[in-house]
Structure formats: structure tokens, C-alpha cells
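K.L.:
From first to last, the protein sequence lines are chains X and H. Quick note on our numbering: the first sequence kicks off at 1 and runs consecutively. Quick note on our numbering: the second sequence kicks off at 460 and runs consecutively. Have a look at the structure that comes next, please.
There are 2 protein chains.
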Amino acid sequence: MLDPDILDALRAIVGPGFLKTDEESRIAYGTDALKRGTPADAVACPADSSEVAAIARLCTARGIPLVPRGAGSGYTGGSVPSRGGIVISLERLNRILEIDEANLLAVVEPNVITGDLQDAVEQVGLFYPPDPASLRQCALGGNVAECAGGPRAFKYGTTKRYVLGLEAVLATGEIIRTGGKTVKNVVGYDLTQLLVGSEGTLAIITKIILRLIPRPPFQATLRATFASIEDAVAAVVQITRARVVPAALELIDGETLEAVARSQGVRLAPEGTAALLLLEVDGVAAAVEEEATRVGQACRDAGATEVLRARDEAERQELWRVRREISMSLKAVAALKFNHDVVVPKGRIPQLFELVGRLRREFRLRVPSFGHAGDGNIHVNFMVDPNDQDEVARAKAAEPALFQGVVALEGSISGEHGIGFAKAPFLSIELSPEEIALMRRVKDAFDPKGILNPGKIFP
Amino acid sequence: MLDPDILDALRAIVGPGFLKTDEESRIAYGTDALKRGTPADAVACPADSSEVAAIARLCTARGIPLVPRGAGSGYTGGSVPSRGGIVISLERLNRILEIDEANLLAVVEPNVITGDLQDAVEQVGLFYPPDPASLRQCALGGNVAECAGGPRAFKYGTTKRYVLGLEAVLATGEIIRTGGKTVKNVVGYDLTQLLVGSEGTLAIITKIILRLIPRPPFQATLRATFASIEDAVAAVVQITRARVVPAALELIDGETLEAVARSQGVRLAPEGTAALLLLEVDGVAAAVEEEATRVGQACRDAGATEVLRARDEAERQELWRVRREISMSLKAVAALKFNHDVVVPKGRIPQLFELVGRLRREFRLRVPSFGHAGDGNIHVNFMVDPNDQDEVARAKAAEPALFQGVVALEGSISGEHGIGFAKAPFLSIELSPEEIALMRRVKDAFDPKGILNPGKIFP
């Protein structure tokens, strides 16, 4: 527990109403979508970057762990304490400061909800592409800290491609500004991109300058079903060879479809479907028409059992429904989900699904898998009953086997969720001791006392 | 000068044929497109990353400056010694190792010429967009080290958007691999993007994994001329508001056009042209048609005196000719060029040209300016006769005025060329002492003895 004088100092910084020490808050801020973590010793809700800086200085001086937190929707425990300390919740920094149409950018505070920014910019004909599944709950600061992806990353790239500049507070209390409002900047090191994906271990993000693009005026959405994963993957390869870049290219396997059907009590794809592709192309009308035709043809060439195309927005939403229902539906299958977001070079998705099939058999696990096929980024879920100790043990044993298999395919153990503490034990499967040591020295350069989000990323 | 035992050790590493110590070589490798620098004490040409690592270890052990060099086409002295030492020329690492059509990537050694890679990937229907003006001379390793841009950066982004992974050698001799062959990777810190644009001060790049995209099948190229800079800039704003993203949106001012006309002995634009826009849109045929129409209309709405559209490849090359002739033509105007690549938020280009006009009058200088208007990135050139000491002094005095003015517009002092030693004295105009101190600590994390490219970036 924290000394009373520390609590007094925190209270003096944020004001008495914005320091939470009650048990309910300490537990609530001690967990995120991973559902693990330790309670916070206290939760501070600063009003601005100067209060953030004062808290950081206090924590560095007293050696207290400081955990930055946005909306708490992460899957790897990035926003929760791993060993107590202070959670600094950025919930009051939640304003869209600027939508600048002339310069195609937005300036936001970290706790703006991603979907809210998207709605706001689309109203003026602009577009912020990154679309993590949690976009109605997650905050942009967390998106930046984790480098969030989403279906549209295939065409538009992940969060990092849209971050032009940051204001951030170092553990030692300095407020720094990186990058800026220009789309090009080569002055000194690119600290902006270093902070993107640094999971709150290098600095606390207090302001974000985001690049926007014109909103694509038209979309076409298609759904193709296949009798085997191999056929679906062949279609993905065909589309790449046809040199079309869909805005989204999502793959859902049969086990996942089955879970959705059971949970919803309704069959959303023809019986015997082993894999489903959801495809969206966007752009100016004529280009959309041409690309939709080519994508549909590529699916048929690869042996699709059915290719549907949405004729209006209602049908489009209906096609996307199966994708959106996955998360809820899997919860109905089993109470515990070991949720992995492995990624391989896109041409190696067949081998990735072979690997998943092998793990399913060897470890006797349910492994519904789905995700961003265009990026080679597949969500591989080990579903377990937490009361079945043997199943839990088998799932834990399957984790390093999955990661080793992915790295052997020249892939990566995480494409979207980050490392947090959930994957920290596996870091050395992908990175060499020299690379980890170098990253630790970079961490020291930002946070000499190691107070920022300790226990994350590094094993 | 270096001790003879060091030369012996270098010779033992690279083989006697690949260590150059003759005066001609030492001088040749002591200069780049900036035309300043000090001669190398020796030039080592390693065959592979293990020889690079051995040289780095030697230099760290003996405290000898080590300057990595690609094709030597940079504008800020990044590839030349500022105080002697060893130049490590990567000229033997010049192979395209892989063009992987299934995964849309290429693996190259650092000294592959940028244009050669583009030709090779375009033959299989793929595309590597970054197109610095020097693309027939410059090397990809240098492009990565400096984060090169070019006209197509407006639509496609600069080099950083295409670098997926690197092999690099630290000053202490460790060989690290960052990123990889996947388009997503959030495992640990993004050292790949930190190395992009680090100007050879953090590590020596020995292998590059580049993302490719499908080659756009069609282009349309337009040239619009204007009676004033203001009208041309209004057209740029109109195009942004029309939500079109041309592949290129280049602006050339009247003073530059005049120089080209005089040097070529031929007028390439109507008399009285104060500004010229070169525009290119690309994509599938129907989209190109629609966007070309909208772009042409936006130019006419802004008061263009003439809008031409190339009807075939020959006419397209003719329209681009004026842009390509600029560099040569300016050499004919004056022997010395203080070549700056300032950048502002694109909506502030009118204010940037006001600033340039003020400098032109106040410091009585010829300042032909042109560049990537879509990105707000303008090449502002102070032309001087090196024998006119007063003019040289006026140009030197105008430099901080330009940089301060740009930063006041929320711009940056360099959008493409980097800092090197040419702009190092001006770094603190843009960055705070805290930010510079943080960058120095990052440098220390990579290069504890400070041997890699000393005298660059930092004042």
C-alpha cells in the first residue's frame, strides 16, 4: 500500500474528487479485457498534461509503479498493474480539439473514443481508417499505445500510419512534443513512431495529431463461402495476384461460424461451410464496380460455394453481422479464451491454418480462428473451461507451440494486441537476447527508474 | 591519421583490395551532394554484415569515427566524415535478394539503386512508390537512413511507409533484426521506424525488407499554369477540398521556371507564368478519368491560365521534363545553392510563399522555390555566387530566418533531406532542450561510445 503522504500529494495534484482509493475502483481499474491483473493502490484522474507531469515526477522520486490507462479494452493487460502502484486514468482528457479540413488532420486528447472521432470526421467527408473491433469502447490513446489494427488495415494500414505527432509526458516529468502537423518530418529521431506501440512503457500520451484522408465515397461488400479453408486461402492468394487491394479481407473458419450459429440460434452461412470470406472494396464508384467484379471472380475461380454481394446498406450490415457477433458468440462456447493475434507473411496463411489444425489435434482443444486474412493476421483462440484443469493445462502448453510455429513461418507472435504481461514470457521466442537488451536500453533512456508500466513487454 | 595497426586490422577484415587509403579515394568519399565534408582517413568496403560487424567492433574499441555511406547523393552531409575517421562504404552490398509476389515484398541489400528496384518490381506488376529526384543515383539504404520522399509521397507516403524490417549492425558489433516479413508486428518497440531516418547515427543497415503494392494500371498527367502563386496555391486547396488525392502535386514557382527556360533555351510554360502545377492521378482507368476531370476543374476554378493534359506517354514525359530539369538549370543560375526542404501543414503554403517573398526582399537573394505542394514540402533554394562574400553572408543570415518562420507556421525545418551536419546548428529552432536530450539518450542506447557518424543531427 502507498504511504499516506503520497496519497496526500496525489490529492493535491488532481484535486480530492479525482483520486480514487476505494476498493471497488481499485479492482475495477485493475483489470481490462484480458480479465487478469492486480488491483491498483490508487487511481488518479488528472485534468491535463501538467498534472500528468506532476504525478510522474512524484512516482519517479518515490519509485512507485505508474500505469497509464485509457478505456481498458486491451487484450494483453497493458493498462492494468502487474504489481500494484498508481493507475493514471486519462478519462478526463477526452476532447476532440481540432478537425482541420484544410490540413487533413485532427488533434485529439487520448481518451476520445475511436468511433466518435470517426463519426465526427466522416460528417465533413473525411476518414480515419483504423477500425479495431472495439471501436465503440476503445480510446485513441490506447490505440496509439498498442498500435491498433482492424479489418481496414489491409488497405489503409494500422494506427501508426495515421499518427503525425504526439504530446507525451516522460516518467521524469518532462513534457515532450514529437512530430507535428506536417506529413513529412525528418528532424532528429522518429520518436513518434517509437512511442506508437510502446504500450505505456516509455511515456504517457496526452495529445495526438492524427492524419485524415478523404472518405471513400462508395463501398461494395461481398461474402464468399467455401467448402474448405484451403479454397478460401486460395481465393486470398488469387485476389493478391489480381492486384486488387480490398479495404477489408476477413476470413472466418468453420468452427467460429458454428459457434456464431449456435449462439445466435440462426445459420448465417450455408451448411457445410468450412470458411467464409468477407470482402469490402471502396473508392470512387467506377473503381468499386470493377474491383468488386474482380474480387467475386477470384472467389469463384478458387471454388467458392456461393458469392453474395450486398445490394444496399441493410444487406451490407447483415453480411458484417457474423463478424461482429464472433466475440460474444465465443463467450457462449467457453468461459475462458486464450486470445492470440499471430501474424504471418500473407502467402503463408495455408501453413498457419495447418499449424492450427495440428494444435487442435495434438492438444485436443477447440480453436476457432478468424481474422484479417489479407494481412496474414489471424485470431487464434484456445477455448477452455476454467474449471477443467486438464484443458487449461493443455491450452497453456499449446501457446509456446503456436508461437514457435508462427516464428518458424517468419511470422510474429502479435500483430495487434501487443505484449503486455500476457505475452511477455514468450518475447524471446521472437527476439534475440541482443534485441531485447537494446530495447531495455531504449526503455532506460526514457524512464531511468523503470516506474512506467513495469512488468510489461519484457520477460 | 589512423595508426598503421588499425589499417592492418581493417585490411585483415575486408581483404587488401577493399581498403582504400589513397588520397583520391579519401577525398572522393569525403564529399556528397552537399559538396562539403572532410576527407576520410580510410575507406573500407565490406562484403557482408559480419565484416561490417568486425569493423564496428574495431572502431568502438579504438574510439574511431565510423561513417556509413551508400551512394553519397544526400544533401546534408549525412554520408561524409565531419572530422575524419573511417567511411564504411556499402557498395558491395548491392543485390536484390528477393522479390516475393505472394507476400508483396522485396528483400534488398542497402546499395541497390532505387530506380533499379522499381524497374524490377514493375516488371511483375508491382510498385515501390518512393521516388526521390535522384532515384537513378541514390541507394535504398540511404533512402532508409534519410527517409527519402519524392513527388509520389503525397499519395503513397515516404520511404518509412514501405520499410517492414531491417538487418542492422550496432556500433558494438551486434547484428540485430527488426520487424520482419509481416505487415503487422507489435512485438516490443518499433526499432524499424526508429532506424528509418536516423541518418547512420544509430546502426549500419545491411538488409532491408520492403513492402510493395500493386502497380497502378493507369495515370493521367496534367499541367496547370497560373498568373500568381496565390492562384496556384488556391488550386491545391481546392483539390484537397474536392477530396482527390493525386499521386503527385508539384508546384514550381516563376523564378524556377525562368531558370529552366534560360538554361534550356526554350520556354516550357506560357509567358507571365508565376506558378506551375504538375499533377498526376493514378489507379484503375475509370477512377483516373473521374479524378483527372475533377483536378482539371479545380485548377480552372482557381483561375488557371491554361490546363494541359498529356494524351500519351511522350506528352507525359514532356510535361515532367520541366520538373526534371530544375536541378541542372539552377546550377547554371549560380554556382552555390543553399538547398532547403522545409515543410508546413499543407494549408499554410500561402504563408510559406509569403515568407519566401519576404526573405527574397530583405536579404536581396534569388530564391527559386518548387516542390511537393501536396505535402506542404517546398524546396527553397538560396542561390549565391561563392565569390560574392556579401551574398554568401546574406544567404547565411537568411537561413535561421527561414527556419524560424517555418516553425512559427507549425512546420518543420526538414521534410526530406535530414539534418546531417548542414542543419545541425538549427536543430534547437525546432526541438526543445528536453527533446534533444532525450534523443541523445536514445543515441547512447545504440552507440555508447558515440563512434557512429559523429557530428551529425546534434548541434
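Every residue, glycine too, gets a C-beta built ideally from N, C-alpha and C.
What does a CB cutoff of less than 7 Å around V392(X) pick up in its chain, not counting 5 residues either side in sequence?
P.N.:
Closer than 7 Å at the Cβ level, and outside the excluded window around V392(X), lie V384, P386.
K.L.:
Mind checking the stretch 587-600 of chain H against chain X and listing, in chain order, the residues whose C-beta falls within less than 8 Å of any C-beta there?
P.N.:
Result list empty, no residue passes.
K.L.:
Compute the Euclidean distance between the alpha carbons of A919(H) and G574(H), then round it to the nearest angstrom.
P.N.:
Since the displayed chain H opens at 460 and closes at 918, residue 919(H) lies outside it and no answer follows.
K.L.:
Cα separation between M584(H) and G272(X)?
P.N.:
One point to set straight first is that residue 584(H) is Gly, not Met, in the sequence displayed. Using only the alpha carbons, I get a separation of about 37 Å.
K.L.:
Do we get a CB-CB distance below 7 Å when we pair I888(H) with the residues of chain X?
P.N.:
I888(H) does not count as touching chain X.
K.L.:
Between T732(H) and chain X, is any beta-carbon pair separated by less than 7 Å?
P.N.:
No, T732(H) does not count as interfacial toward chain X.
K.L.:
What does DSSP give as the partner residues of G624(H) in its beta bridges?
P.N.:
For G624(H), which the question treats as bridged, DSSP gives the partners G638(H), I668(H).
K.L.:
Using only the alpha-carbon positions, how far apart do R223(X) and I436(X) sit?
P.N.:
So the two alpha carbons sit approximately 42 Å from each other.
K.L.:
Could you give the DSSP three-state label for D849(H): helix, strand or coil?
P.N.:
If DSSP states are grouped into helix, strand and coil, D849(H) belongs with the helices.
K.L.:
By the criterion of Cβ-Cβ separation under 9 Å, what are the contact partners of L653(H) in chain X?
P.N.:
Ordered by position in chain X, the residues that pass the 9 Å Cβ test against L653(H) are Y189, D190, L191, Q193, L194, V442.
K.L.:
Take every Cβ of the stretch 389-405 of chain X, pair it with every Cβ of the stretch 54-68 of chain X, and state whether three or more of those distances are shorter than 8 Å.
P.N.:
No: the two stretches stay apart, fewer than three of their Cβ pairs being nearer than 8 Å.
K.L.:
For A916(H), return the contacting residues in chain X, with the cut-off set at a CB-CB distance below 9 Å.
P.N.:
The amino acid at residue 916(H) is misidentified as Ala; the sequence shows Ile. Residues of chain X passing the Cβ test: V187, G188, Y189.
K.L.:
Going by the beta-carbon positions, is the gap between G537(H) and G877(H) smaller than 7 Å?
P.N.:
Yes; because the gap between Cβ atoms is below 7 Å, this pair is in contact.
K.L.:
Mind reading off the beta-carbon distance from T178(X) to L191(X)? Whole number of angstroms is fine, and I expect it under 8 Å.
P.N.:
That pair is a contact at about 4 Å.
K.L.:
DSSP has P527(H) in a bridge; who is on the other side?
P.N.:
Answer by DSSP bridge pairing, in chain order: I547(H).
K.L.:
Mapping the DSSP letters down to three states, classify T752(H) as helix, strand or coil.
P.N.:
T752(H): helix per DSSP, three-state reduction.
K.L.:
Using Cβ-Cβ distances below 9 Å, what residues of the stretch 223-251 of chain X are close to chain H?
P.N.:
So the list reads V237, T240, R241, A242, R243, V244, V245, given in the order they occur along the chain.
K.L.:
Given that E474(H) touches chain X, what residues does it touch there, using C-beta distances under 9 Å?
P.N.:
Sequence check: residue 474(H) is Gly here, not Glu. Chain X residues near G474(H): none, gap ~27 Å exceeds 9 Å.
K.L.:
For Q776(H), report the span of its alpha helix (DSSP H) as first-last.
P.N.:
Q776(H) -> alpha helix (DSSP H) spans 772-792.
K.L.:
Just to confirm before moving on: does the CB-CB distance between R611(H) and A707(H) stay below 7 Å?
P.N.:
It is a contact, given that the beta carbons lie within the stated cut-off.
K.L.:
Alpha carbons only, please: which of D578(H), L629(H), R820(H), E510(H) is nearest the one belonging to P907(H)?
P.N.:
Checking every option, the nearest Cα to that of P907(H) belongs to L629(H).
K.L.:
Taking the runs of the alpha helix (DSSP H) that are 4 residues or longer, which of them lie wholly in the stretch 706-746 of chain H?
P.N.:
The qualifying runs are 713-723.
K.L.:
Terminal residues of the continuous beta strand (DSSP E) containing Q678(H)?
P.N.:
That run of the beta strand (DSSP E) goes 677-685.
K.L.:
Could you give the C-beta distance for T684(H) and L735(H), rounded to a whole number, given that I count them as a contact under 8 Å?
P.N.:
So it is a contact: roughly 5 Å between Cβ atoms.
K.L.:
Kindly indicate which three-state DSSP category L202(X) falls into: helix, strand or coil?
P.N.:
In this structure, L202(X) counts as coil in the three-state DSSP scheme.
K.L.:
If you pair each beta-carbon of the stretch 65-83 of chain X with each one of the stretch 29-36 of chain X, do three or more pairs fall below 8 Å?
P.N.:
Contact between the stretch 65-83 of chain X and the stretch 29-36 of chain X is present, because at least three Cβ pairs lie under 8 Å.
K.L.:
So for V245(X), helix, strand or coil by DSSP?
P.N.:
If DSSP states are grouped into helix, strand and coil, V245(X) belongs with coil.
K.L.:
Do V186(X) and G833(H) have their beta-carbon atoms positioned less than 7 Å apart in this structure?
P.N.:
No; because the gap between Cβ atoms is not below 7 Å, this pair is not in contact.
K.L.:
Under 8 Å: do the stretch 402-413 of chain X and the stretch 345-356 of chain X share three or more Cβ pairs, one atom per stretch?
P.N.:
These segments touch.
K.L.:
Taking the alpha carbon of S532(H) as the point to measure from, which residue in G879(H), L911(H), V719(H) has its own alpha carbon closest?
P.N.:
It is G879(H).
K.L.:
Within a Cβ cutoff of 6 Å, which residues of the same chain sit near D231(X), ignoring the five residues on either side of it in sequence?
P.N.:
Hits under 6 Å: A302, G303.
K.L.:
Beta-carbon separation of Y488(H) and V571(H) under 7 Å?
P.N.:
Going by C-beta atoms, Y488(H) is not nearer than 7 Å to V571(H).
K.L.:
Taking the alpha-carbon positions, what's the L653(H) to D712(H) distance?
P.N.:
Computed Cα separation, rounded: 35 Å.
K.L.:
With a Cβ-Cβ cutoff of 7 Å, do L525(H) and L911(H) count as a contact?
P.N.:
Cβ atoms of L525(H) and L911(H): closer than 7 Å.
K.L.:
State buried or exposed for D467(H), treating a residue as buried only when at least 16 other CB atoms are found within 10 Å of its CB.
P.N.:
Flag for D467(H) reads exposed.
K.L.:
Buried or exposed: L625(H), going by 16 or more other Cβ atoms within 10 Å of its Cβ?
P.N.:
Label assigned to L625(H): buried.
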